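Residue numbers (the working numbering): 4 to 93.
Where a beta carbon is used, it is the ideal one built from N, C-alpha and C, also for glycine.
Keep in mind that this is a model prediction, so the values were computed, not measured.
Contents: one structure, followed by commentary.
Quick look at the structure:
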């Protein structure tokens, strides 16, 4: 990892994303999802909702870092609520 100047938290973050993608792939193969239309007004599958969640969480974390001077654990809580809402209603 030295040649990329990665830290362990960075490696764990990307390993977590890879794990989520692997889990979603396995779930899709075992239980094929049916596209549904939620509050966004577009058809989404589980994979689409995961992508929306990851993208939105990135923006939440960037805003948290830029606007607030408090622990990042608060952003984790906000992202968790956001992920629940996206998977439930989007």
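For residue j and residue i, the rounded distance between their alpha carbons
i, j, result
"residue 58", "residue 51", "11 Å"
"residue 37", "residue 17", "28 Å"
"residue 9", "residue 39", "39 Å"
"residue 46", "residue 53", "13 Å"
"residue 78", "residue 25", "25 Å"
Assumed close pair residue i, residue j - CB separation to whole angstroms, cut-off 8 Å
i, j, result
"residue 92", "residue 44", "With a Cβ gap of about 12 Å, residue 92 and residue 44 do not count as contacting."
"residue 63", "residue 85", "6 Å"
"residue 89", "residue 55", "5 Å"
Endpoints, alpha helix (DSSP H) assigned at residue i
i, result
"residue 108", "Nothing in the structure corresponds to residue 108, since the chain is present only between 4 and 93."
"residue 8", "Residue 8 -> no alpha helix (DSSP H), and no H or E assigned at all."
"residue 81", "76-92"
Sheet register partners of residue i (DSSP bridge)
i, result
"residue 39", "47"
Under 8 Å between C-beta atoms of residue i and residue j
i, j, result
"residue 30", "residue 49", "yes"
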